[in-house]
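A.B. asks: Going by the working numbering, the first residue of the sequence shown is number 408, and it counts up by one from there.
Structure below; questions to follow.
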Amino acid sequence: MPQAAPTDAVADASDGGYALRAARLRSVLILGALSAFGPLSIDLYLPALPSLQSHFHAAADSVQLTLTACLVGLAVGQALAGPLSDSLGRRKPLLIGVAAYALASLLCAFAPSVSALTTGRLVQGFAGAAGIVIARAVVRDLYSGTAMVRFFSMLMLVNGVAPVLAPILGGQLLKVTAWQGLFGVLAAIGALLLLAVFFGLPESLPVSARRAASLSDTRRTFQRLAADRHFVGYAFAAGLSFAAMFAYISGSPFVVEQVYRLSPQQFSFMFGANALGLILLGQLNGRLAGRVRTIVLLRAGLVQCAAGGVALLLVTLLELGFWPTAVCLWFVVASIGLVTPNATALALADHGGNAGTASAFLGVTQFLIGGVVAPLTGPHGTSVLAKTLPMALVVAVMGVAALGAHAILGGKREADVRAADTVHQPA
408 MPQAAPTDAV ADASDGGYAL RAARLRSVLI LGALSAFGPL SIDLYLPALP SLQSHFHAAA
468 DSVQLTLTAC LVGLAVGQAL AGPLSDSLGR RKPLLIGVAA YALASLLCAF APSVSALTTG
528 RLVQGFAGAA GIVIARAVVR DLYSGTAMVR FFSMLMLVNG VAPVLAPILG GQLLKVTAWQ
588 GLFGVLAAIG ALLLLAVFFG LPESLPVSAR RAASLSDTRR TFQRLAADRH FVGYAFAAGL
648 SFAAMFAYIS GSPFVVEQVY RLSPQQFSFM FGANALGLIL LGQLNGRLAG RVRTIVLLRA
708 GLVQCAAGGV ALLLVTLLEL GFWPTAVCLW FVVASIGLVT PNATALALAD HGGNAGTASA
768 FLGVTQFLIG GVVAPLTGPH GTSVLAKTLP MALVVAVMGV AALGAHAILG GKREADVRAA
828 DTVHQPA
């Protein structure tokens with residue numbers, strides 16, 4: 408009997424450790440799924456873009472505007488949801504946004520015209536933005552330094568599954584349903600996430616840490632962020648590299664299916680292979696965090712993105728065909744696994760007091776630039792080069808611009824970088 412207490416203590420410690428790991432895993436899965444609203448909303452119906460064009464008898468650039476509308480909604484929605492979450496807490500705006508996303512997705516399935524679908528996609532993106540911006544803010548509430556980098560890298564694993572599975576699932580669903588069914592699936596995903604957030608994600612921002620909500624306060628916060636040279640540098644590095652990836656996302660269905668004659672199912676597998684590269688580099692980034700400085704990992708990703716874009720442009724101009732194009736695109740997409748977690752962690756490191764607004768600034772930058780470049784990647788003629796060059800040119804320009812923005816605006820000083828890499832325990 409005297410030994411019962413130590414045995415019980417060990418059991419209690421073991422149970423506590425298991426509960427902590429289970430809670431952490433639940434947070435990773437829910438936050439990763441929320442931050443995947445963008446990829447899910449975009450990638451699931453990518454294989455259906457050519458069929459959408461045929462269904463509505465619309466031009467390719469009109470169909471691509473449905474992508475732009477979703478991105479604009481994601482950008483504007485983050486500008487609203489981020490500051491609101493700093494004031495009201497994370498849960499209320501998140502629950503409202505996820506519920507609205509499910510409803511908007513359902514309405515998209517019944518769109519009678521491409522213009523109506525474009526409007527529906529705008530609303531869908533606006534609602535889904537809450538998941539993306541608040542997920543980042545929750546991570547900043549709970550972590551800082553190297554711990555934050557590692558958590559963002561774990562989110563890349565969950566987040567990266569979306570672009571791997573979404574186009575594959577979309578391609579397979581198109582065998583048994585029309586494009587409308589894809590939006591029904593998105594509505595169901597939104598409903599499931601609503602339940603997951605309601606039952607599995609507690610409030611991470613205490614009342615004492617909340618800020619008063621007002622348009623003038625939000626404007627002043629955005630102005631302070633815009634005046635922070637380092638923050639803007641990280642925001643543009645992430646935003647422009649994201650735009651390079653989105654140029655590939657919006658242009659590749661037409662290039663791959665119409666020029667290289669791959670089926671929607673074959674395209675979805677190629678798209679999934681590229682997203683797998685993003686996952687692999689994201690997990691490598693998590694393992695290197697704390698061993699290699701965060702800013703070094705960021706620069707490595709930016710160099711890879713720029714180099715892959717330039718190589719893609721050369722391959723396209725020389726008309727070397729599908730496989731060299733696919734290899735270049737793989738390097739561009741995979742680089743985001745290094746760029747996004749490191750740029751996000753460095754940008755938010757000094758802005759824990761207004762993490763929602765700072766996260767919104769990052770999201771607005773990413774999705775607005777992506778929305779602008781999407782219509783530029785469509786075919787501009789009937790020749791092979793006229794169909795392939797727009798995408799390659801935009802990818803190259805955005806990749807080089809991301810590296811240039813970081814080089815011009817610079818990163819943090821050595822001492823500041825080390826301070827940002829300090830590990831803190833979750834609150």
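Note that beta-carbon positions come from the ideal geometry of N, C-alpha and C, so glycine has one too.
Every value quoted in this text rests on a predicted model; they were computed, and no experiment measured them.
#1: The ligand ATP and residue 814: does the residue's C-beta get closer than 7 Å to at least one heavy atom of that ligand?
#2: Measure the alpha-carbon distance for residue 816 versus residue 754 and round it to whole angstroms.
#3: Which complete alpha helix (DSSP H) runs does the segment 519-587 hold, if anything under 4 residues is left out?
#4: Which value, in whole angstroms, describes the spacing of the CA atoms of residue 814 and residue 513?
#5: Are the CB atoms of residue 809 and residue 611 nearer to each other than 8 Å?
#6: So, residue 382 versus residue 798, is the Cβ gap smaller than 8 Å?
#7: With distances taken from CA atoms, which of 488, 499, 535 and 500 is nearest residue 511?
#8: List the endpoints of the continuous alpha helix (DSSP H) containing residue 641.
#9: Assign residue 738 to buried or exposed, taking buried as 16 or more other Cβ atoms, counted over all protein chains shown, within 10 Å of its Cβ.
#10: Short of 7 Å in beta carbon distance, which residues of its chain neighbour residue 715, apart from the five on each side in sequence? Order them along the chain.
#11: Return the Cβ separation of residue 474 and residue 781 in integer angstroms, given the expectation that the two are a contact with Cβ distance under 8 Å.
#12: Mind checking whether residue 770 and residue 540 have CB atoms under 8 Å apart?
#13: Report the partner residues of residue 696 according to the DSSP bridge assignment.
#14: Starting from residue 485, follow the alpha helix (DSSP H) in both directions and report where the run begins and ends.
#15: Alpha carbon to alpha carbon, how far is residue 699 from residue 492? Give it in angstroms, no decimals.
#16: Less than 8 Å between the beta carbons of residue 575 and residue 675, yes or no?
#17: Start and end of the alpha helix (DSSP H) containing residue 787?
#18: Excluding sequence positions up to five away, which residues of its chain have a Cβ less than 6 Å from the Cβ of residue 542?
#19: Give the single residue among 430, 496, 560 and 527 whose Cα lies nearest to the Cα of residue 695.
#20: Report the residue from 764, 760 and 556 whose alpha carbon sits nearest the alpha carbon of residue 744.
#21: For residue 645 versus residue 712, is the C-beta distance shorter than 8 Å?
#22: Roughly how many angstroms separate the alpha carbons of residue 623 and residue 630, rounded to a whole number?
#23: What's the C-alpha gap between residue 504 and residue 726?
#24: So is residue 661 buried or exposed if we call it buried at 16+ other beta carbons inside 10 Å?
#25: When you compare the CB positions of residue 494 and residue 759, do they come within less than 8 Å of one another, or not?
#26: Using beta-carbon positions only, say whether residue 774 and residue 482 come within less than 8 Å of one another.
#27: Using the beta-carbon count (16 or more within 10 Å), is residue 584 buried or exposed?
C.D. replies: Taking the definition as stated:
#1: This structure simply doesn't include the ligand ATP, nor any ligand for that matter.
#2: 13 Å
#3: 521-549 and 552-580
#4: 44 Å
#5: no
#6: A query on residue 382 cannot be resolved here, the shown segment of the chain reaching from 408 to 834 and no further.
#7: 535
#8: 636-661
#9: buried
#10: 735, 738, 739, 742 and 806
#11: 5 Å
#12: yes
#13: 699
#14: 467-495
#15: 33 Å
#16: yes
#17: Segment: none, residue 787 is in no alpha helix (DSSP H) and carries neither H nor E.
#18: 438, 441 and 442
#19: 560
#20: 556
#21: no
#22: 10 Å
#23: 45 Å
#24: buried
#25: no
#26: yes
#27: exposed
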